[in-house]
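>
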Amino acid sequence: MIKNIQGPKLGKEVGNRVVVKSFPGATSEDMRHYIKPTINRSPNRIVLHCGTNDLKNSSPTEVAERVASLASEIEKTSETKVIISELVARRDMNDQVKTVNKQLRKHCQSNGWTLIQHNNISFADLNRGGLHLNHEDLSNAFNEHFSTIGPKLASEIPVSSNHTSYTDYLINTDKRFQFTQTNNDQVFSVLSKLCKSKATGLDQISARLVRECADLISSSITNIFNLSLLLGTFPEDWKCAKVTPIFKQGTRNEMNNYRPISVISVMAKAFERIIYNQLYAYMLEHDLLSEHQSGFRSLHSTATALLEATDSWSYNIDRGNINA
């Protein structure tokens with residue numbers, strides 16, 4: 001009988017002779033009701049893993065006594081052997097957990113119950129297995145996953161046998177790109193066109209506020225942007241983003257089933273638009289973009305890409321050619 005663990009998944013792992021019942025959020029008192037159907041099946045052994053939720057409103061001694069009382073009730077009503085599993089360590093209540101486990105050891109010794117100890121399980125072990133016991137651990141685990149998944153996947157890409165490099169596709173040119181100073185009109189235009197519904201970054205400055213105050217702050221913002229362009233330095237605070245893991249599909253305890261959504265500050269978005277406008281204008285002027293590129297281009301989309309593809313396919317079919 002397990003609290004706060006995915007029972008069906010664990011049951012598949014341990015085999016058909018073991019039944020795993022999970023009751024997330026249940027207290028030890030709740031387990032008295034939940035455990036009755038299991039006792040009626042007369043199992044050889046019952047492993048109890050519960051008590052963590054009781055710590056929110058009860059002392060460690062009271063929690064240990066409730067678990068022991070539940071174990072005693074099982075022994076009185078059946079011939080099932082009782083095994084008690086210690087509480088798993090957690091950062092927010094680790095001292096209380098240690099005290100509960102100490103009391104559970106005493107109850108097990110005096111009643112002859114088997115005890116499963118967890119003092120060799122670290123927080124890192126729990127995180128690696130997908131079990132996160134508080135918001136801080138969960139956030140840190142997602143942060144580590146998202147920040148390392150790129151290099152991990154890159155290391156798994158096989159090295160090309162033809163030894164080609166992206167430089168092989170570059171064309172020599174005497175043209176050079178250089179950022180130029182922006183002006184108040186350009187900055188005001190970007191600020192006044194910000195989408196009011198855009199999410200706020202860590203600084204909590206809303207796009208609505210910036211847009212409404214664009215005429216008052218555009219001059220000062222222009223000076224900041226120009227200084228950044230002159231020094232070639234992007235403000236450190238603007239690099240920090242609020243990252244939210246969005247569930248895609250599959251099992252929710254698998255981090256690969258989440259995609260990160262990063263929200264930077266509104267000012268960083270505005271500055272990016274200024275930089276983008278200069279880069280995009282340069283690439284258009286010197287015809288550096290492929291005519292087949294539809295992504296990240298104004299007046300282009302997946303629809304235009306599909307239209308071009310279907311037009312090309314139809315053209316080849318009409319002439320008896322094979323599309324490959």
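Residue numbers (the UniProt record's numbering): 1 to 324. Every residue gets a Cβ at the ideal spot worked out from N, C-alpha and C, and that includes glycine.
(1) Could you check whether Phe225 and Ile264 sit closer than 7 angstroms to each other, using their CB atoms as the reference points?
(2) If I follow the unbroken alpha helix (DSSP H) through Pro43, where does it start and stop?
(3) Using 8 angstroms as the threshold, is the stretch 182 to 198 in touch with the stretch 145 to 152, meaning 3 or more CB pairs across them?
(4) For His49, does the count of other Cβ atoms within 10 angstroms reach 16, so buried, or fall short, so exposed?
(5) Going by alpha carbons, who is nearest to Asn44 out of Asn143, Ser160 and Thr80?
(6) If we ignore side chains and look at the alpha-carbon of each, how far apart do Met283 and Leu289 end up?
(7) Tell me the residue span of the alpha helix (DSSP H) that contains Arg32.
(8) DSSP three-state call for Phe271: helix, strand or coil?
(9) Report back the beta-carbon spacing between His107 and Ala64 to the nearest angstrom; my notes put them in contact at under 8 angstroms.
(10) Per DSSP, which one or two residues make a beta bridge with Lys242?
(11) Roughly how many whole angstroms lie between the Cα atoms of Thr27 and Glu212?
(12) Can you tell me whether Thr182 is buried or exposed, with buried defined as 16 or more other CB within 10 angstroms of its CB?
(13) Who are the near neighbours of Phe302 in its chain, counting only those whose CB is closer than 6 angstroms to its CB and skipping five residues on each side?
(14) List the whole-angstrom C-beta distance separating Ile221 from Val243, where the pair is believed to meet the contact cut-off of C-beta under 8 angstroms.
Judging by the given coordinates:
(1) Start at 1 with the first residue of the sequence shown, and residue 264 comes out as number 264. Start at 1 with the first residue of the sequence shown, and residue 225 comes out as number 225. Annotated as distal: Ile264 and Phe225, with beta-carbon spacing of 7 angstroms or more.
(2) Start at 1 with the first residue of the sequence shown, and residue 43 comes out as number 43. Element bounds for Pro43: n/a, residue is neither H nor E.
(3) With a cut-off of 8 angstroms, the stretch 145 to 152 and the stretch 182 to 198 do not count as touching, because too few Cβ pairs lie within range.
(4) The count along the sequence shown starts at 1 and reaches residue 49 at position 49. Looking at its Cβ environment, which holds 16 or more other Cβ atoms inside 10 Å, His49 is buried.
(5) Residue numbering aside, residue 44 sits at position 44 when the sequence shown is read from its first letter. Nearest of Asn143, Ser160 and Thr80 to Asn44, Cα basis: Thr80.
(6) By 1-based counting over the sequence shown, the position of residue 283 is 283. By 1-based counting over the sequence shown, the position of residue 289 is 289. Looking at the two C-alpha atoms, the distance is approximately 6 angstroms.
(7) Along the sequence shown, read from residue 1 onward, the residue named residue 32 stands at position 32. Ser28 to Tyr34 is the extent of the alpha helix (DSSP H) around Arg32.
(8) For the purposes of this step, residue 271 is taken as the residue at position 271 of the sequence shown. If DSSP states are grouped into helix, strand and coil, Phe271 belongs with the helices.
(9) Along the sequence shown, one-based indexing puts residue 107 at 107. Along the sequence shown, one-based indexing puts residue 64 at 64. The Cβ separation is near 6 angstroms, so the contact holds.
(10) Position 242 of the sequence shown, counted from the start, is the residue given in the question as residue 242. Among the bridge pairs identified by DSSP, Lys242 is matched with Val263.
(11) Position 27 of the sequence shown holds residue 27. Position 212 of the sequence shown holds residue 212. Rounded to whole angstroms, the separation of the alpha carbons of Glu212 and Thr27 is 52 angstroms.
(12) Numbered from its first residue, the sequence shown carries residue 182 at position 182. It is buried - the Cβ of Thr182 has at least 16 other Cβ atoms within 10 Å.
(13) Indexing the sequence shown from 1 puts residue 302 at position 302. What sits at residue 302 in the sequence shown is Thr, not Phe. Sequence-distant Cβ neighbours of Thr302 in its own chain, meaning closer than 6 angstroms and more than five residues away, do not exist here.
(14) Locating residue 221 in the sequence shown gives position 221, counting from the first residue. Locating residue 243 in the sequence shown gives position 243, counting from the first residue. Between Val243 and Ile221 the Cβ distance is about 25 angstroms, and since that is not below 8 angstroms, they are no contact.
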